[in-house]
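Chains as they are written, first to last, in this note's numbering: chain B, 1 to 197; chain V, 198 to 394. Quick reminder that beta carbons are idealized off the backbone N, C-alpha and C, glycines included. Okay, so here's the structure we're looking at.
Number of protein chains: 2
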Amino acid sequence: MSIRELVLKNRSYRRFYEEYRLDRDVPLELVDLARLSSSGANLQSLKYLLSTEPEQNARIFDTLGWAGYLKEWDGPGEGERPSGYIVVLFDQNIAKTPFWDHGIAAQSILLGAAERGLGGCMFGNIRKDDLRASLGIEDHLEILLVIALGKPKEEVRLVPLGPDGDVKYYRDADGIHYVPKRALNDIIHEPHHPKEA
Amino acid sequence: MSIRELVLKNRSYRRFYEEYRLDRDVPLELVDLARLSSSGANLQSLKYLLSTEPEQNARIFDTLGWAGYLKEWDGPGEGERPSGYIVVLFDQNIAKTPFWDHGIAAQSILLGAAERGLGGCMFGNIRKDDLRASLGIEDHLEILLVIALGKPKEEVRLVPLGPDGDVKYYRDADGIHYVPKRALNDIIHEPHHPKEA
């Protein structure tokens, strides 16, 4: 699969076949992709907590804010929840900043998931204090984000941004999830006044 | 190529065949990979400035801090410099934070480059005021990072971290660049005291 096909396949999924059991080797292999990716000043300050057991999955699920734009929807019901999670932590004993390593890592992880026919979603909207307490995460490890993983049970379609410029994703009556994306031309910046050297 | 092969191929390169001319379509296709990748709250606040012309490349080159750990090396000499750059900007008129979108975007871009037999390097060490003035970047666009692109002219090898835990990369007498990487076991966090619910 080309990287473009993989990037297109790698959508943010929020409903899953929860009965699909995620072998711990899968998130481990995905974290290895993150490990082998680049890291600011090569400091490699990220740590990863893997969850594939239902009891721990439920603890993590309870701390996540799902799909902020879908006001009528509180997140996936029982039977449609993720089969596992990777909690991305920043070890403050190693560095002063994670730079943008967590974005690099999360993208490597989710592209690897897409290649395996899996999918997921990155969460920044987390009740972090609750998650820290529930999982016993030490104070020097800052919770950066949570990646949900599972076998996707929904269709996600990219559509052009409408004339109103609204970026909010939405669902139709059949549960298909639509994500408006800006056009390529609209994100290329042309310098207006380059000064002569 | 599997995502693992691509991730392994995608090293941080700092010396290039500068005579290789980068067609503007290449960074454009790579930015399209970033465009199609996920974005926090789908806000898509990143903008991209593309540079493939020698004069503009030189302006960008002059603002970059190269390879902080190689104290004897000021960066690539003439003939070994990148053939182009993508400057990643955060449009503050769109969002309050880019989240970790720039990491996601940069990883998509560089995996796409690796697939095309190209390579590059992410820079956070930038004289941002100089770059802003030199390229005429408006104030509402925050410079997040610069991605250098070109045809790599060096070999980069991953090696295990030594017993001293030193993460600094180094070169041998043949100019081969070594990057110490933490072991997978050392970046997996095992919760120590999960509280019972």
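Nearest-angstrom Cα distance between residue i and residue j?
| i | j | result |
| --- | --- | --- |
| I86/B | I143/B | 11 Å |
| G276/V | L240/V | 39 Å |
| L328/V | I334/V | 8 Å |
| D383/V | T97/B | 19 Å |
| D259/V | R21/B | 52 Å |
| R208/V | L261/V | 18 Å |
| D298/V | D369/V | 35 Å |
| A183/B | D363/V | 44 Å |
| E269/V | K71/B | 56 Å |
| V31/B | E387/V | 14 Å |
| Y375/V | P251/V | 29 Å |
| L358/V | P160/B | 46 Å |
| N254/V | F99/B | 24 Å |
| I126/B | Y170/B | 21 Å |
| W66/B | D371/V | 52 Å |
| P391/V | I188/B | Any reading at P391/V must be qualified, since the residue scores a pLDDT of 49, below 50, and its modelled position is unreliable; the value itself is stated next. Answer to the nearest angstrom: the Cα atoms are 47 Å apart. |
Could you give the DSSP three-state label for residue i: helix, strand or coil?
| i | result |
| --- | --- |
| V7/B | helix |
| I291/V | coil |
| K128/B | helix |
| F61/B | helix |
| V364/V | coil |
| I306/V | helix |
| G117/B | coil |
| E339/V | strand |
| I385/V | strand |
| G276/V | coil |
| S134/B | helix |
| A148/B | strand |
| G281/V | strand |
| L230/V | helix |
| L49/B | strand |
| L355/V | strand |
| L399/V | The structure shown does not extend to residue 399/V, since chain V spans only 198 to 394, so no value can be given for it. |
Residues in the same chain with beta-carbon distance under 6 Å from residue i, minus the five sequence neighbours each way, listed in chain order, please.
| i | result |
| --- | --- |
| K168/B | Y69 |
| K378/V | L355 |
| R212/V | P273, E277, K350 and E351 |
| S331/V | R256 |
| A345/V | P279, Y282, G317 and C318 |
| N290/V | H337 |
| V26/B | none |
| A197/B | Only weak support exists for where A197/B lies, its pLDDT of 44 falling under 50; the coordinates are left without a value. |
Sorted by chain position, which residues of the same chain lie with C-beta nearer than 7 Å to residue i's C-beta, five sequence neighbours on each side aside?
| i | result |
| --- | --- |
| L36/B | none |
| E115/B | M1 and L6 |
| Y13/B | G119, G120, C121, P152, E154 and V156 |
| L28/B | L50 |
| K9/B | A114 |
| A95/B | L43 and S45 |
| S38/B | I104 |
With burial defined as no fewer than 16 other Cβ atoms inside 10 Å of the residue's Cβ, what is the status of residue i: buried or exposed?
| i | result |
| --- | --- |
| L158/B | exposed |
| D74/B | exposed |
| I373/V | exposed |
| E215/V | buried |
| P163/B | exposed |
| D336/V | exposed |
| G314/V | exposed |
| P279/V | buried |
Since residue i contacts residue j with CB under 8 Å, what's their CB separation in whole angstroms?
| i | j | result |
| --- | --- | --- |
| A106/B | L141/B | About 17 Å; that fails the 8 Å criterion. |
| D288/V | K325/V | About 16 Å separates the two Cβ atoms, so there is no contact after all. |
| I200/V | G112/B | 5 Å |
| G237/V | G124/B | 6 Å |
If you drop the 5 nearest sequence neighbours on each side, which residues of the same chain put their C-beta closer than 8 Å to that of residue i?
| i | result |
| --- | --- |
| A231/V | L243, Y245, I301, A302, A303, S305 and I306 |
| L286/V | L243, K244, Y245, L246, I334, L338, E339, I340 and L341 |
| D23/B | T52 |
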